[in-house]
Every structure is written in C-alpha cells, then in structure tokens.
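Below is one structure, written out as structure tokens, with a few remarks after it.
There are 2 protein chains.
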Amino acid sequence: MTLTTDTTAPLVLIVDDEPAQLALLSYNLKAAGFRVATARDGEEALLAVAEQGPDVVLLDWMLPRLSGLEACRQIKASPQGREAAVIMVSARSEESDRIRGLDTGADDYIVKPYSVAELIARVRANLRRLRPVATGQALEIDDIRLDPDTYLVTRAGEALHLGPTEFRLLAAFMERPGKVWTREALLDRVWGREIYIDTRTVDVHVGRLRKILCSTGGTDPIRTVRGAGYAMG
Amino acid sequence: MTLTTDTTAPLVLIVDDEPAQLALLSYNLKAAGFRVATARDGEEALLAVAEQGPDVVLLDWMLPRLSGLEACRQIKASPQGREAAVIMVSARSEESDRIRGLDTGADDYIVKPYSVAELIARVRANLRRLRPVATGQALEIDDIRLDPDTYLVTRAGEALHLGPTEFRLLAAFMERPGKVWTREALLDRVWGREIYIDTRTVDVHVGRLRKILCSTGGTDPIRTVRGAGYAMG
DNA sequence: CAGCATATGACATGTTTATGACAATTCCAC
DNA sequence: GTGGAATTGTCATAAACATGTCATATGCTG
C-alpha cells in the first residue's frame, strides 16, 4: 500500500491520556492512510484543534484537566472545531445511555471495548460526510463535475484543464456547496497549514478558476461574499 | 493459462478462523498460481487489506470479533478495498443471506460445501473483471491493443515492440482506463512493493512508452496530470 | 464622491515534467 | 563461457507549466 501523508490526507486528532492507547490508535490510523495528531488532555486538544484543524477528533470521555464532555463543547464552539467531526469514546460503565442524551454536539459515539476496525470504520463514515473527495466520490454542482479518481473536471460535458491548485480549490468549494470560505480557511485547506502566503493570492486563484470554469460559456458559479470570502453553489 | 508467482500475480486474501480451512485454501490457491495472504478475523482482514491491497478477498461469513458481513462493508468503504473483489463464503444457503451479502457490496457469493475447483473458478471469474491482464484477456483502448497471452501490443494493427517494464506499465494503464496513477502507485504495481527506486524513473519509462506508442503516428494516449501522476484513456 | 474591497493582467520565480546520454546489468545465442 | 544486443536506473539539462506578488483597474457601500 502507498501511505498518503500529503496534505490532502485526512487528519485525525486523537485525544487520550493513556500513552498506550494513543500509540495503538496512532499506529492503526496511520496504517489506514490517515495523518495523525495527538493530545493528552482537553486543553491540549483545544490547542491542537485550533492549530491544526483536524477533520476528525477522537475524544476520550475521561480526561484530566478538562473533561471530554467539556472539551467537546468547546471544540464545537470554535471555528475550526465546527468543521470537524467529533467522535466521543467512552467506557460502557460510564452511563453510555445518558451520553447520547447529552447535547455535546458530538457527531458520533463509540463505546469501549471497541475494535480498532470498528473505530476506523466510524472515522471513515464520518469523513465520508465531511470530505467526499478523500473517499473518491465524484462531485457535481449544476453542470460542473469533478472526479477525484481521474482528476477530470467537466462543465456541461466539456473537459476543462485546471492546474493542481485550481483543482484543489474547486474540490474544496464543491465539497461544501454553499459554504462561504474565508481566504484564511481556503489557505488552510487548499495550500496547507504550514504555509505563509498573502491572503490576496486567493483572489488571484479564484479569478483563474473562474476564467477556466467560464471558458466554455455559462455563468460564473463562484459567488463573492464581500467582506467574507467565496462560495459556490 | 499459467499464472506465475511473481509480483504481478494476483494476490488473494483469505479470511477464515479455521486454521485447517486456511491451510487448505492457501495451498490450493498457491498451486493455482496466486499469491496468498491470510487473516483469522475481520480486524486482521481490514489491516491486511489496507497494507497489502489484495485483488480478491475470500471472506468467511462467520468470523470472531468482526463478522464477515461487517468486515465486507468496511473493506468496501476503504480506498484499497474499493479496488478489490470480495467473495463471501458461507455455510448457510438461505436466499436472504445471499441478498444481504451482495447488499453490503460483496462482488460474489459462494456456499459451503464447495469444491476447490469451483472456488478457484470464482476467483478467476472475479479477477477477469478486475484484472483482465492477469487472466489473459486482451485489452483495448482506442486503437491500442494489448494481449497478455502473446505479449503482443499493436496500435492501429501495427505491431509494437515493448520491453518488459514498458509492457507491465502499459498493462497497468489499460486495466484501469482513466484512472490517475501516482508515481508511487505505479512503482508498487509495475515494479513491486519491496523495491526502492527513484520516483523520477517512472517519468523516464512513461517517456519511453510514449515514444513507442507514437512511433507509428497517432496522438499521445497518455495523459500527464501535473502534481498527481499519469493516466490513459 | 470617498474609501475600501475585489478583480485582473503582467511578470519573475520556482517547481514539475520531459528528454537525451550513459554506465551497469541482464539476457541470449553461439 | 563470450560477445553483443537489449534493457534498466540515474543523472544532467532543457522545456513546460504553475505560482505568488505586485501594480493597476474596477466595482461596491455608504
């Protein structure tokens, strides 16, 4: 297998205070092709969420300093956290029934003891909702179609030629139809988190993408939201 | 047809919790020319799928820890599993099971007791769909034709002379028309997993393949996808 | 109209890919 | 074995392409 460690591989943040558990999950998730970040308690988790913007957070229920429940609330209240899927992990003895009733904003729950395979399946399932491109599904908005497997983009059946950055940019837009992306968010998602680039550069690339998308005729599918950013669909 | 045991031979992952069954199938499949990997339960199976990317998975219905049914669902949801054919093996013969099995994305279904010959036939049949070259089917894209049995490649009727590496490379492209292969994936598929070669070497071989394919005139059938890899068709 | 946010064309730079040459190796017929 | 041809991986270099920035133009909002 080819492990994908590039910036397009989904990032999973594992939060657990047991080093052994952390190592086990980390190993298996990496083997499944994910990028992995770790945190040992709720506060570290919040920091990691803000800094790295994971796609999925695996959050242990019992944590020192800041409980999983509270960490979940705060993650979901943060800008980066709202975009992530939070999966709560708890032991069966810890009132699993009540967990479901609590309004923590968690996207999914998994109860110990669980199998690694089950966990990975849950991660994938939540990801499919969140990042369709990472799972190879073709995207479609109006007459525009993007296929991650073949890297083919068509509008009204006609093939378009995008550069790598334009392709990733369009993929981001199409993964979340209607969502307004700030320039900063797009830089994070399309360019990667470790990079320092002028936010105006986004304008240029959006312009290039527009030119290509409209090259066959048709209306501009990208909406400029003044003071905020861009959206599509 | 004689299947060889080199890296291009199809890999069959056998999942069964009975050691005797595992040994029996393993022996017979190896004798039939396949490479074989094994797993004893659903979780091991998922790991093996991710790590080894088998072409066919023989999945027993009854498994400890993670049922065959659930394992199948998860295999089909993973990137590597999407490319594999899953054959469910079951002792039950009820129609409902058959339907449920196929519903989870299984490609085929075989009921105990079965003959080894029947099983191998099923494996080959599913492989034919998935990896035509391994079963000796000729491939065709546009005016290019590749016959794995005779090692003959023609374009517009004219015979072309490819080296072994170029032949395997072309076969990989033609088995999945349109699919974009990363250089790493091609190294895995064409050169083998255990080999460490500079990824740029792929460029050189693609170049050589192109030169041969275009030697009789005609357009370049191989698409370069900047930042990603190559594709054909 | 002023002030600000966004759009766009041009360009230098950097990056990715293509190609020709070459040495090492393998293969094969003799 | 032996010689010669074919094949292979690497490298240096060239070509093609993509990218980030800037200067300037355009457009929106009040």
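Residue numbers (this note's numbering), protein chains in the order written: chain A, 1 to 233; chain B, 234 to 466.
Backbone N, C-alpha and C define an ideal beta-carbon position, used for all residues, glycine too.
Being a predicted model, the structure only gives us computed values, none of them experimental.
Counting C-beta neighbours from all protein chains within 10 Å, is the total for B:Glu-399 16 or more, i.e. buried, or is it exposed?
With 16 or more Cβ atoms within 10 Å of its Cβ, B:Glu-399 is classed as buried.
Taking 8 Å as the limit between beta carbons, can you name the residues of its chain near B:Arg-355, skipping five residues before and five after?
Non-local beta-carbon contacts of B:Arg-355 in its own chain, meaning distances under 8 Å to residues more than five positions away in sequence, involve Ile-320, Asp-341 and Ile-343 in chain order.
Nearest CA to the CA of B:Gly-460: which residue from A:Leu-213, A:Leu-186, A:Cys-214 and A:Pro-164?
Cα-wise, what sits closest to B:Gly-460 is A:Pro-164.
Please list the residues of the stretch 112 to 130 of chain A that have a C-beta atom closer than 8 Å to any C-beta atom in chain B, keeping them in chain order.
Per Cβ criterion, the list reads Ser-115, Val-116, Ala-117, Glu-118, Ile-120, Ala-121, Arg-124, Ala-125 and Arg-128.
According to DSSP, what are the bridge partners of B:Thr-434?
Checking the DSSP bridge columns, you'll see B:Thr-434 has no partner listed.
For B:Thr-383, the nearest candidate out of B:Thr-432, B:Ala-389, B:Asp-375 and B:Leu-393 (CA to CA)
Ranking B:Thr-432, B:Ala-389, B:Asp-375 and B:Leu-393 by Cα distance to B:Thr-383 puts B:Leu-393 first.
Cβ pair count under 8 Å reaching 3, the stretch 349 to 365 of chain B against the stretch 258 to 275 of chain B
Three or more Cβ pairs closer than 8 Å define a contact, and the stretch 349 to 365 of chain B meets that threshold against the stretch 258 to 275 of chain B.
Buried or exposed by the 16-neighbour rule on C-beta atoms within 10 Å, applied to A:Gly-101:
Its pLDDT being 46, under 50, A:Gly-101 is placed unreliably by the model, and nothing is read from it.
Whose Cβ in chain B lies nearer than 8 Å to the Cβ of A:Tyr-234?
An answer regarding residue 234 of chain A cannot be provided, because it is not within the stretch 1 to 233 covered by chain A.
Min CB distance A:Gly-101 to chain B below 8 Å
Annotation note: pLDDT 46 at A:Gly-101 (below 50); position unreliable, no value reported.
Output the residue ranges of the beta strand (DSSP E) runs that lie fully inside the stretch 363 to 409 of chain B and measure 3 residues or longer, sorted by chain position.
The qualifying runs are 372 to 374, 377 to 380, 385 to 388 and 391 to 393.
Evaluate B:Tyr-260 with the Cβ neighbour count: other Cβ atoms within 10 Å of its Cβ, from every protein chain shown; 16 or more gives buried, anything less gives exposed.
B:Tyr-260 is classed as exposed because its beta carbon has fewer than 16 other beta carbons within 10 Å across all chains shown.
Within 10 angstroms of its Cβ, does B:Ile-308 collect 16 or more other Cβ (buried), or is it exposed?
The residue in question, B:Ile-308, is buried, as its Cβ has 16 or more Cβ neighbours within 10 Å.
Counting only beta-carbon atoms, is B:Ser-311 nearer than 8 Å to chain A?
Closer than 8 Å: yes.
Are the CB atoms of B:Glu-284 and B:Leu-299 within a distance shorter than 8 Å?
Cβ atoms of B:Leu-299 and B:Glu-284: not closer than 8 Å.
Just to confirm the assignment, what range does the alpha helix (DSSP H) spanning B:Ser-448 have?
From DSSP, B:Ser-448 is part of no alpha helix (DSSP H); its letter is neither H nor E.
Around the Cβ of A:Ile-14, are there at least 16 other Cβ atoms within 10 angstroms (buried) or fewer (exposed)?
Around the Cβ of A:Ile-14, a 10 Å sphere holds 16 or more other Cβ atoms; the residue is buried.
Find the nearest neighbour of B:Ala-317 within the set B:Gly-286, B:Thr-271, B:Gly-301 and B:Ser-323, judged by alpha-carbon distance.
Comparing Cα-Cα distances from B:Ala-317 to each of B:Gly-286, B:Thr-271, B:Gly-301 and B:Ser-323, the minimum goes to B:Gly-286.
So the alpha helix (DSSP H) B:Ser-259 belongs to, where does it begin and stop?
Its alpha helix (DSSP H) spans residues 252 to 264.
Should B:Ser-448 be labelled buried (16 or more other beta-carbon atoms within 10 Å of its own) or exposed?
With fewer than 16 other Cβ atoms within 10 Å, it is exposed.
Are the Cβ atoms of B:Val-413 and B:Val-458 separated by less than 8 Å?
B:Val-458 is positioned such that its CB atom lies closer than 8 Å to that of B:Val-413.
Which chain B residues are close to A:Gln-33, counting only those with a beta carbon under 9 Å from its beta carbon?
Gln is not the amino acid found at residue 33 of chain A; the sequence shown has Gly there. Simply Ala-283, Ser-311, Pro-312 and Gln-313.
According to DSSP, is A:Ile-120 helix, strand or coil?
In the structure shown, A:Ile-120 sits in a helix (DSSP, three-state: H, G or I).
Burial state of B:Tyr-463 (16 or more Cβ within 10 Å):
Looking at its Cβ environment, which holds 16 or more other Cβ atoms inside 10 Å, B:Tyr-463 is buried.
Run the CB neighbour count on A:Ile-144, radius 10 Å, all protein chains shown included, and call it buried at 16 or more, exposed below.
With 16 or more other Cβ atoms within 10 Å, it is buried.
Where do the N-terminal and C-terminal ends of the beta strand (DSSP E) with B:Ala-272 fall, by residue?
Note, B:Ala-272: beta strand (DSSP E), 268 to 272.
Of the listed residues A:Tyr-196, A:Arg-155 and A:Arg-176, nearest to A:Arg-210 (C-alpha basis)
Residue A:Arg-155 is the option with its Cα nearest to A:Arg-210.
Among B:Tyr-429, B:Val-282 and B:Gly-314, which residue has its Cα nearest to the Cα of B:Thr-337?
Across the set B:Tyr-429, B:Val-282 and B:Gly-314, the C-alpha of B:Gly-314 shows the shortest separation from the C-alpha of B:Thr-337.
Check this for me: beta carbons of A:Val-133 and A:Ala-171, under 8 Å apart or not?
It is a contact, given that the beta carbons lie within the stated cut-off.
Using a Cβ cut-off of 8 Å (strictly closer), state whether B:Gln-307 contacts chain A.
So yes, B:Gln-307 belongs to the interface.
For chain B, check one thing: does any of its Cβ atoms lie closer than 8 Å to the Cβ of A:Gly-157?
Not closer than 8 Å to any Cβ of chain B, the Cβ of A:Gly-157 fails to qualify, so no.
Against B:Glu-399, what residues of chain A qualify as contacts under a CB-to-CB distance less than 8 Å, listed in chain order?
Taking the beta carbon of B:Glu-399 as reference, no residue of chain A falls within 8 Å; the closest one sits roughly 22 Å away.
If the cut-off is 7 Å on Cβ atoms, which residues from the stretch 246 to 279 of chain B count as contacting chain A, listed in chain order?
Result list: Gly-275, Glu-276 and Leu-279.
Roughly how many angstroms separate the alpha carbons of B:Leu-402 and A:Asp-142, rounded to a whole number?
So the two alpha carbons sit approximately 37 Å from each other.
May I ask you to report which of helix, strand or coil DSSP gives B:Ile-308?
In the structure shown, B:Ile-308 falls within a helical segment according to DSSP collapsed to helix, strand and coil.
With DSSP as the reference, label B:Val-245 as helix, strand or coil.
Looking at B:Val-245 - three-state DSSP - the assignment turns out to be strand.
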